[in-house]
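Asker:
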Ligand code: IMP
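Numbering (the numbering used here), first residue to last: 147 to 570.
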């Protein structure tokens with residue numbers, strides 16, 4: 147069975163835990179978009195791992211992991227992660243492959259991401275992770291990117307790098323008053339990565355195709371979330387890749403006809419890091435309460451996540467865009483103890499009611515959620531393992547969301563441990 151796992155909100159839904167569970171039933175686990183802006187937290191054998199680039203499936207011995215062509219790869223971050231895993235006894239030898247078509251992320255991408263964000267007026271800020279993701283994808287699309295396979299021929303690599311940096315330095319000097327970067331220094335740095343990086347590289351599209359032919363089970367590990375998708379998210383407050391289902395296809399080179407299922411991961415409420423509207427944002431008091439109880443701090447940057455009620459408007463959009471067959475609902479335990487729980491079912495925008503989110507940024511900024519209010523529950527859910535043991539109001543909340551989203555909830559998580567998971 148080939149499954150795609152997608153974040154259905156603004157990222158941080160808790161995909162790491164579900165990937166970890168599904169990885170046990172998979173042979174190959176694939177990252178297909180984004181880069182080390184992601185942060186997948188997995189609790190494994192009493193140890194907590196935060197993975198940014200390498201698929202979380204790597205923690206399971208014998209599983210093969212692939213970093214697809216759609217990922218932007220910062221070699222420095224990649225090797226740090228490989229070494230971190232080795233130091234904790236996880237060997238990646240012979241079971242981690244990078245697409246030779248993946249684009250390399252260079253120090254100038256990181257630098258420009260930071261400079262652009264710092265110089266932007268508040269309105270123009272995206273609130274990026276400053277990992278250089280946007281500038282690297284911009285180069286890819288502008289056809290000035292450099293791929294892993296370009297390292298094969300050092301002369302070609304040096305020439306291309308020189309031409310790209312010459313242009314970057316003009317921008318750095320003229321726009322940001324920065325002295326510019328040394329081609330030599332960056333070339334020397336990448337020369338040290340070359341052999342080791344190429345030893346991981348492969349035609350991963352072909353590898354995946356062959357794995358599918360041999361009836362191996364492939365799991366696609368989405369990073370970020372659909373509302374951060376560059377096409378289908380709340381542009382411009384998005385990441386620079388396709389975090390929705392299409393990204394899994396273009397970012398891996400495996401045909402959509404080989405996909406069996408799409409699983410959407412949602413949090414039982416909504417969170418968002420970075421800039422951009424969050425229509426269902428809590429009042430400051432409730433926000434602080436949920437932030438603390440749900441440990442809502444970014445795995446990559448440590449930034450506090452804004453929190454709000456479940457937004458069925460954007461999540462319904464995600465179900466449609468991705469063709470989600472099943473929903474995994476995370477962190478339901480965090481909602482215990484509230485008198486009432488709200489769900490946004492539509493928006494009011496300029497006197498109109500909308501059941502889909504408005505694409506124009508100024509309209510989305512003005513969107514006011516229309517809420518349905520349900521009774522909360524006081525019971526602690528963290529020890530519950532069977533559907534029938536859920537308090538009646540918890541069951542009603544899940545059932546109502548299924549109706550609103552038009553997709554069944556098949557997995558419910560009530561804590562960070564593996565055992566705190568219900569398969570419905
Ligand atoms: P970038 O991906 O670093 O360019 O950041 C663009 C937007 O995506 C910002 O709002 C980030 O906070 C957000 N973002 C990027 N990666 C993640 C993630 O893994 N989880 C949640 N938000 C993310």
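Every residue gets a Cβ at the ideal spot worked out from N, C-alpha and C, and that includes glycine. Here the structure is a predicted model, which is why all the values come from computation and not from measurement.
What does DSSP give as the partner residues of residue 427 in its beta bridges?
Answerer: Along the chain shown, one-based indexing puts residue 427 at 281. Its beta-bridge partners are 454.
Asker: Less than 8 Å between C-beta atoms, sequence neighbours within five positions excluded: which residues of the same chain meet that for residue 575?
Answerer: Residue 575 lies beyond the stretch modelled for the chain, which goes from 147 to 570, so this question has no answer here.
Asker: Return yes when at least one heavy atom of the ligand IMP lies under 6 Å from the C-beta of residue 184, else no.
Answerer: Here residue 184 corresponds to residue number 38 of the chain shown, with the count starting at 1. True, at least one ligand heavy atom lies under 6 Å from that Cβ.
Asker: Using only the heavy atoms of the ligand IMP, determine whether one of them is closer than 6 Å to the beta carbon of residue 457.
Answerer: Counting from one through the chain shown, the residue named residue 457 turns up at place 311. Result no, Cβ not under 6 Å from the ligand IMP.
Asker: By alpha-carbon positions, which one of 318, 379, 519, 151 ends up nearest to residue 546?
Answerer: As a position in the chain shown, residue 546 is number 400, starting the count at 1. Checked all of 318, 379, 519, 151; the closest Cα to residue 546 is 519.
Asker: In or out: residue 417 buried (at least 16 other Cβ within 10 Å) or exposed?
Answerer: Here residue 417 corresponds to residue number 271 of the chain shown, with the count starting at 1. Residue 417 should be labelled buried.
Asker: Determine whether the beta carbon atoms of residue 261 and residue 322 lie at a separation below 7 Å.
Answerer: If you number the chain shown from 1, residue 261 lands on position 115. If you number the chain shown from 1, residue 322 lands on position 176. Yes.
Asker: Determine the direct distance from the alpha carbon of residue 522 to that of residue 539, and round the result to whole angstroms.
Answerer: Within the chain shown, numbered from 1, the residue matching residue 539 stands at position 393. Within the chain shown, numbered from 1, the residue matching residue 522 stands at position 376. Approximately 6 Å between the Cα atoms of the pair.
Asker: Between residue 125 and the ligand IMP, is the CB less than 6 Å from at least one heavy atom?
Answerer: With the chain covering only 147 through 570, there is no way to say anything about residue 125.
Asker: In the DSSP output, which residue or residues are listed as bridge partners for residue 489?
Answerer: Translated into positions along the chain shown, residue 489 becomes position 343. Answer is 456, 518.
Asker: Is residue 132 a contact residue of the ligand IMP, with contact defined as CB to any heavy atom under 6 Å?
Answerer: A question about residue 132 goes unanswered here, because the residues of the chain that appear run from 147 up to 570.
Asker: Grouping DSSP H, G and I as helix and E and B as strand, with all else coil, what is residue 405?
Answerer: Taking the first residue of the chain shown as position 1, residue 405 is located at position 259. Correct three-state label for residue 405: coil.
Asker: Hey, is residue 272 close to the ligand IMP, as in C-beta under 6 Å from one of its heavy atoms?
Answerer: For the purposes of this step, residue 272 is taken as the residue at position 126 of the chain shown. Flag set: Cβ of residue 272 near the ligand IMP.
Asker: Hey, would you say the C-beta of residue 300 is under 6 Å away from at least one heavy atom of the ligand IMP?
Answerer: Numbered from 1 along the chain shown, position 154 holds the residue referred to as residue 300. No.
Asker: Just the C-alpha distance for residue 285 and residue 482, rounded to the nearest angstrom, thanks.
Answerer: Within the chain shown, residue 285 is the residue found at index 139, counting from 1. Within the chain shown, residue 482 is the residue found at index 336, counting from 1. If I take the Cα positions, the gap works out to 46 Å.
Asker: Measuring alpha carbon to alpha carbon, tell me which residue in 250, 421, 186 is nearest residue 307.
Answerer: Translated into the one-based positions of the chain shown, residue 307 becomes position 161. If we check each option's Cα against that of residue 307, 250 comes out closest.
Asker: Tell whether a beta-carbon distance below 7 Å holds between residue 375 and residue 394.
Answerer: Along the chain shown, one-based indexing puts residue 375 at 229. Along the chain shown, one-based indexing puts residue 394 at 248. No; because the gap between Cβ atoms is not below 7 Å, this pair is not in contact.
Asker: Compare the Cα-Cα distances from residue 565 to each of 220, 529, 228, 208 and report the closest residue.
Answerer: In the chain shown, counting from the first residue as 1, residue 565 sits at position 419. Nearest to residue 565 by alpha-carbon distance, out of 220, 529, 228, 208, is 529.
Asker: Return yes when the Cβ of residue 409 is within less than 7 Å of the Cβ of residue 586, no when it is not.
Answerer: Nothing in the structure corresponds to residue 586, since the chain is present only between 147 and 570.
Asker: Between residue 155 and residue 460, how many whole angstroms is the CB-CB distance? I'm expecting something under 8 Å.
Answerer: The residue labelled residue 155 in the question sits at position 9 within the chain shown. The residue labelled residue 460 in the question sits at position 314 within the chain shown. Right, the Cβ-Cβ distance comes to about 7 Å (below 8 Å), so this counts as a contact.
Asker: Whole angstroms is fine: what's the gap from residue 475's alpha carbon to residue 559's?
Answerer: Numbered from 1 along the chain shown, position 329 holds the residue referred to as residue 475. Numbered from 1 along the chain shown, position 413 holds the residue referred to as residue 559. Their backbone Cα atoms lie some 6 Å apart in a straight line.
Asker: Taking its Cβ as the centre, do 16 or more other Cβ atoms sit within 10 Å of residue 370, making it buried, or is it exposed?
Answerer: Taking the chain shown and counting its residues from 1, one reaches residue 370 at position 224. Burial call: buried.
Asker: Regarding residue 287 and the ligand MG, is the C-beta to nearest heavy atom distance less than 6 Å?
Answerer: For the ligand MG, the structure offers nothing, since it holds only the ligand IMP.
Asker: Compute the Euclidean distance between the alpha carbons of residue 429 and residue 258, then round it to the nearest angstrom.
Answerer: Walking along the chain shown from the start, residue 429 turns up at place 283. Walking along the chain shown from the start, residue 258 turns up at place 112. Roughly 35 Å between the two C-alpha positions.
Asker: Please work out which residues of its chain come closer than 7 Å, Cβ to Cβ, to residue 563, disregarding the five sequence neighbours upstream and downstream, and give them in chain order.
Answerer: Stepping through the chain shown from its first residue, residue 563 is reached at position 417. Correct list, in chain order: 189.
Asker: Assuming residue 203 and residue 172 make a contact with CB atoms under 8 Å, what is their CB distance in whole Å?
Answerer: Reading the chain shown from its first residue, position 57 is the one you call residue 203. Reading the chain shown from its first residue, position 26 is the one you call residue 172. Contact holds; Cβ gap of about 7 Å.
Asker: Just verifying my parser: in three-state terms, what is the DSSP assignment at residue 289?
Answerer: Translated into positions along the chain shown, residue 289 becomes position 143. The answer is coil: DSSP assigns residue 289 none of H, G, I, E or B.
Asker: Looking only at C-alpha atoms, which of 195, 247, 276 sits nearest to residue 420?
Answerer: By one-based count along the chain shown, residue 420 stands at place 274. Nearest option by C-alpha distance: 276.
Asker: Does the ligand IMP have a heavy atom nearer than 6 Å to the CB of residue 157?
Answerer: As a first step, residue 157 must be located in the chain shown, where it is residue number 11. Yes.
Asker: Helix, strand or coil for residue 304, going by three-state DSSP, please let me know.
Answerer: The sequence position of residue 304 within the chain shown is 158, counting from 1. Note: residue 304 maps to helix in three-state DSSP.
Asker: Is it the case that the Cβ atoms of residue 256 and residue 240 are separated by a distance below 7 Å?
Answerer: Along the chain shown, one-based indexing puts residue 256 at 110. Along the chain shown, one-based indexing puts residue 240 at 94. Contact flag unset, no.
Asker: Please confirm whether any heavy atom of the ligand IMP lies closer than 6 Å to the CB of residue 219.
Answerer: Here residue 219 refers to the residue found at position 73 when the chain shown is read from its first residue. Every heavy atom of the ligand IMP is 6 Å or more from the Cβ of residue 219, so no.
Asker: Mind reading off the beta-carbon distance from residue 458 to residue 327? Whole number of angstroms is fine, and I expect it under 8 Å.
Answerer: For the purposes of this step, residue 458 is identified with residue 312 of the chain shown, where counting begins at 1. For the purposes of this step, residue 327 is identified with residue 181 of the chain shown, where counting begins at 1. Contact doesn't hold; Cβ gap of about 47 Å is too wide.
Asker: When you compare each of 382, 263, 181, 385 to residue 217 by their alpha carbons, which one comes out closest?
Answerer: Indexing the chain shown from 1 puts residue 217 at position 71. Among 382, 263, 181, 385, the Cα nearest to that of residue 217 belongs to 181.
Asker: Tell me the DSSP secondary structure of residue 536 in three-state form.
Answerer: By one-based count along the chain shown, residue 536 stands at place 390. Coil, per DSSP.
Asker: Using the Cα positions of residue 291 and residue 247, report the straight-line distance between them to the nearest angstrom.
Answerer: By 1-based counting over the chain shown, the position of residue 291 is 145. By 1-based counting over the chain shown, the position of residue 247 is 101. Each residue's Cα considered, the two are about 11 Å apart.
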